[in-house]
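In our numbering, the protein residues as written are 11 to 145.
Structure, as structure tokens:
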Ligand code: FES
């Protein structure tokens, strides 16, 4: 039986936002999905604005399914312009809500986006841990 995705999910799958690579990124996050073996890589460009670290640009590459691509597409839109702390706290439920819902069996796929973004933020913080940074 075909998986039932809503129109918004299909639109993000067909025209994913922010898919690609950032050359010389400020941080990279890579995670795998234990359930299916798919993978997600996130690239970040971080900029200091008014003393805060802001996500200026974000791109992703994935071996993921419709649900993974659509949730990552929308999550990258949601975190652009946010502080690293704000971005860290945007989870799969936020992405699924913004997409108008995902089939319950595909919710595990939506972990890839938020986990890869968190891994990239961890990478950024690790590289800058000796520098006093605001969030
Ligand atoms: Fe692997 Fe969806 S089935 S991410």
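The beta carbon of each residue, even a glycine, is placed where N, CA and C say it ideally should be.
Shown here for residue 75: same chain residues with a beta carbon closer than 7 Å to its own, the five before and five after excluded, namely 48 and 119 in chain order. As DSSP reads the structure, residue 82 sits in no beta bridge. In this structure, residue 81 sits near residue 102, with a CB-CB distance shorter than 8 Å. Proximity of the stretch 48–60 to the stretch 14–27 falls short of the contact definition, fewer than three beta-carbon pairs being nearer than 8 Å. Pairing residue 85 with residue 59, the inter-Cα distance amounts to about 21 Å. The stretch 121–134 makes contact with the stretch 94–112: 3 or more CB pairs, one atom from each, lie closer than 8 Å. DSSP, read as helix, strand or coil, puts residue 64 in strand.
Each of 127, 128 and 70 was checked against the Cα of residue 33, and the nearest Cα belongs to 70. The continuous stretches of beta strand (DSSP E) do not include residue 33, and DSSP gives it neither H nor E.
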